[in-house]
Amino acid sequence: MIDIRRLRTDPGGTKAAMARRHDPAVLVDLDRAVALDHDLRTRAATRDGVRAQVNALSKAVAEAYRAGDRDKGDQLKAESRSLGEEEKRLVQQAAAVETELRELLLRIPNVPSAEAPDGAGEEDNVIVRVENFDPDSYGDHQRVPHWEVGRELGILDLERGAKVSGSMFPVFRGCGATLVRALTQRALDANADSFEEIRPPTLVRTDTLTATGQLPKFADDAYYIERDDLWAIPTAEVPLTSLYRDEVLEEAELPRRLMAYSPCLRREAGAAGRDTRGLLRVHEFDKVEILALTTPEQAAAVHQDLLARAEARLIELALPYRVVDICAGDLGQSHARYFDLEVYAPGVDMWLEVSSISWFSDYQARRANLRYRRGAGGASGAGSGTEFVHTLNGSALAVPRVWAAVVETYRQPDGSVTVPEVLRRYFRGTERITPPT
RNA sequence: GGAGGGGUGCGAGAGCGGCCGAAUCGGACGGUCUCGAAAACCGUUGUGGGGGCAACCUCACCGUGGGUUCAAAUCCCACCCCCUCCGCCA
Numbered sequence: 000m001i002d003i004r005r006l007r008t009d010p011g012g013t014k015a016a017m018a019r020r021h022d023p024a025v026l027v028d029l030d031r032a033v034a035l036d037h038d039l040r041t042r043a044a045t046r047d048g049v050r051a052q053v054n055a056l057s058k059a060v061a062e063a064y065r066a067g068d069r070d071k072g073d074q075l076k077a078e079s080r081s082l083g084e085e086e087k088r089l090v091q092q093a094a095a096v097e098t099e100l101r102e103l104l105l106r107i108p109n110v111p112s113a114e115a116p117d118g119a120g121e122e123d124n125v126i127v128r129v130e131n132f133d134p135d136s137y138g139d140h141q142r143v144p145h146w147e148v149g150r151e152l153g154i155l156d157l158e159r160g161a162k163v164s165g166s167m168f169p170v171f172r173g174c175g176a177t178l179v180r181a182l183t184q185r186a187l188d189a190n191a192d193s194f195e196e197i198r199p200p201t202l203v204r205t206d207t208l209t210a211t212g213q214l215p216k217f218a219d220d221a222y223y224i225e226r227d228d229l230w231a232i233p234t235a236e237v238p239l240t241s242l243y244r245d246e247v248l249e250e251a252e253l254p255r256r257l258m259a260y261s262p263c264l265r266r267e268a269g270a271a272g273r274d275t276r277g278l279l280r281v282h283e284f285d286k287v288e289i290l291a292l293t294t295p296e297q298a299a300a301v302h303q304d305l306l307a308r309a310e311a312r313l314i315e316l317a318l319p320y321r322v323v324d325i326c327a328g329d330l331g332q333s334h335a336r337y338f339d340l341e342v343y344a345p346g347v348d349m350w351l352e353v354s355s356i357s358w359f360s361d362y363q364a365r366r367a368n369l370r371y372r373r374g375a376g377g378a379s380g381a382g383s384g385t386e387f388v389h390t391l392n393g394s395a396l397a398v399p400r401v402w403a404a405v406v407e408t409y410r411q412p413d414g415s416v417t418v419p420e421v422l423r424r425y426f427r428g429t430e431r432i433t434p435p436t
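Here is the structure:
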């Protein structure tokens with residue numbers, strides 16, 4: 000959620016910043032939020048005033064009875080009752096406005112960071128760097144899409160995946176399955192120096208999915224189990240962020256760094272027909288997520304660290320990649336700013352998005368009511384007070400697309416695929432994946 | 001799934017429908033004492049909303065949401081969560 004107080008005190012500035020999203024509907028919503036907020040505060044003030052009178056009368060009733068003055072008590076009671084009816088009406092009216100405002104606020108996106116580049120959409124994203132890329136370095140043997148490589152080597156079985164669960168539910172087998180596990184394991188190992196490993200639940204409550212911003216707006220993108228009122232997570236970001244929901248952390252324990260391997264389930268409702276071949280877009284995949292809860296001051300540096308960590312995985316796999324600075328017009332709902340990491344896959348000749356390194360400012364924290372206490376430790380120290388944390392996260396490694404890039408890049412002229420050096424230790428001695436005999 | 005018990009402030013834990021935002025103990029913080037520390041003693045110590053330059057005023061919050069009542073932590077209903085036993089089970 001955005002800060003309603005900021006909107007109230009500086010509607011012009013907030014709208015100007017938000018205008019960079021290039022979504023006129025959002026500006027309309029902001030105006031409506033300002034109006035609702037004003038209405039709510041007016042109504043709440045009169046409601047509280049009447050309520051104060053009722054409270055005072057109730058006290059007077061008690062005193063009258065205690066003093067033995069029944070007549071006076073009865074009279075005050077009658078007075079209070081009629082005032083109470085008025086109060087009831089005011090309460091209902093205020094509650095209706097409050098609900099309307101809250102529902103609106105849950106749908107208003109985050110304010111873009113000033114550092115996010117200008118731009119209206121995807122085409123205006125800024126390619127910050129391209130690393131390790133030489134288009135002429137590839138041989139014909141590397142220009143084979145991973146789904147063909149996978150079938151040749153018997154390590155990817157899309158047909159049987161479709162039989163078992165439907166299209167876009169890949170089945171990895173043999174060394175293909177090992178490669179999935181190796182990539183996962185490597186990402187966890189490489190970040191264990193400063194991230195606590197968590198193995199979170201895959202099914203979460205509605206509140207949890209609301210905290211990170213997927214609900215209410217993007218319900219169609221998530222798998223939902225009606226019978227138990229639970230949602231399948233689209234990323235470990237969801238349970239990790241909610242781990243500390245409704246808590247107050249100490250400033251001294253920030254930044255708090257967490258990582259998790261988890262399955263990720265996505266209906267991809269809005270992407271029907273796009274990138275459907277092979278592993279480019281699937282309903283279920285594995286990912287290692289790294290996440291940090293920080294103070295506002297720490298956020299920028301931590302953001303860079305997350306980016307560097309995600310890059311390091313691609314560097315050690317010797318895969319070409321580029322860093323894309325997402326423009327204000329293309330930001331996701333919860334983002335203040337983010338970088339995409341795109342890996343080059345020679346077989347499909349595409350840059351595949353393998354990580355979004357995201358900074359949500361206090362947007363998710365406000366939804367999750369996740370705060371920290373400012374000032375060192377003390378419960379009553381001067382300058383203490385609670386404030387919302389900043390949340391940041393990124394994929395340390397998203398398996399299927401990296402899997403595709405590895406298989407295509409490491410394919411040899413004889414059709415085999417060599418196992419990247421960093422992953423060998425997870426491969427039980429196998430250095431080369433060859434077709435089944 | 002069945003039977004029972006329970007959810008109160010940072011923690012433990014009390015709380016006749018009104019004098020309860022909440023006893024008491026512990027913790028934390030500040031102070032006194034001390035060369036210093038411990039002990040002892042004194043004091044402070046929840047969150048959020050609204051109003052006010054301010055002292056301050058006011059509203060809400062005792063798992064969540066409804067209800068009864070002039071008045072609810074306290075009574076009623078529903079739900080959620082936790083614990084114990086039984087059943088089932090990777």
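By the count of numbering that gives the first Met the number 0, the first sequence reaches residue 436 at its end, each step adding exactly one. For glycine and all other residues, C-beta sits at the position ideal for the given N, C-alpha and C. Bear in mind the structure is a predicted one, so any value in this text is a computation, not a measurement.
What is the DSSP secondary structure of CYS326, counted as helix, strand or coil? coil
So is SER193 buried or exposed if we call it buried at 16+ other beta carbons inside 10 Å? exposed
Expected contact under 8 Å - CB spacing of LEU257 and GLU195 to nearest Å: 5 Å
Quick check: the stretch 354-373 against the stretch 387-399, are at least 3 beta-carbon pairs closer than 8 Å? yes
Which runs of the beta strand (DSSP E), 3 residues or longer, sit entirely within the stretch 287-337? 320-324
For ARG185 and THR98, the rounded distance between their alpha carbons: 46 Å
What is the residue span of the beta strand (DSSP E) that PRO23 lies within? Careful: PRO23 lies outside any beta strand (DSSP E), inside the alpha helix (DSSP H) at 23-65.
Outcome for ASP139 when other beta-carbon atoms lying within 10 angstroms are tallied against a minimum of 16: exposed
Applying the criterion that 16 or more other CB atoms from any shown protein chain within 10 Å of the CB defines a buried residue, is PRO435 buried or exposed? exposed
Is the beta carbon of LEU253 less than 9 Å from the beta carbon of ILE197? no
Cβ shell of ALA59 (< 6 Å), same chain only, five flanking positions each side left out: LEU75
Check whether the Cβ atoms of TYR362 and ILE1 lie closer than 9 Å to each other. yes
Compare the Cα-Cα distances from GLY277 to each of ASP329, VAL347 and GLU84 and report the closest residue. VAL347
By alpha-carbon positions, which one of GLU121, LEU39, PHE132 and GLN141 ends up nearest to ARG101? LEU39
Nearest-angstrom Cα separation, counted from PRO412 out to PRO419: 16 Å
Status (buried if at least 16 other CB within 10 Å, exposed otherwise) for ARG336: buried
In chain order, which continuous runs of the alpha helix (DSSP H) of length 4 or greater are located wholly inside the stretch 343-429? 362-367 and 398-408
Identify every residue that forms a DSSP beta bridge with MET258. GLU196 and ILE289
For the alpha helix (DSSP H) holding ALA15, just list the boundary residues, first then last. 10-18
How should THR385 be labelled, buried or exposed, when 16 other C-beta atoms within 10 angstroms of its C-beta is the threshold for buried? exposed
Using 9 Å as the threshold, is the C-beta distance between ASP339 and SER354 below it? yes
Please state whether DSSP places ARG266 in a helix, a strand or coil. coil
Closest by CA to PRO215, which one among ILE224, TYR222 and THR205? THR205
In the DSSP assignment, what residue or residues form a beta bridge with ARG431? THR417
To the nearest angstrom, how far is it from the Cα of GLY382 to the Cα of HIS145? Interpretation of GLY382 is limited by its pLDDT of 44, a score under 50 that renders its predicted location unreliable; no figure is taken from the coordinates.
Under 9 Å between C-beta atoms of ALA221 and LEU264: yes
Kindly indicate the opening and closing residues of the alpha helix (DSSP H) around LEU248. Here LEU248 belongs to no alpha helix (DSSP H); instead the beta strand (DSSP E) covers 247-249.
Is it the case that the Cβ atoms of LEU157 and GLY175 are separated by a distance below 9 Å? no
Suppose the cutoff is 6 Å on Cβ atoms and the five residues either side in sequence are ignored; what does the same chain contact list for PRO295 look like? HIS389
Roughly how many angstroms lie between the CA atoms of VAL342 and ARG308, to the nearest whole one? 15 Å
Just to confirm, is the Cβ distance from ARG400 to ALA344 under 9 Å? yes
Would you tell me roughly how many angstroms separate the C-alpha atoms of ALA18 and LEU26, rounded to the nearest one? 7 Å
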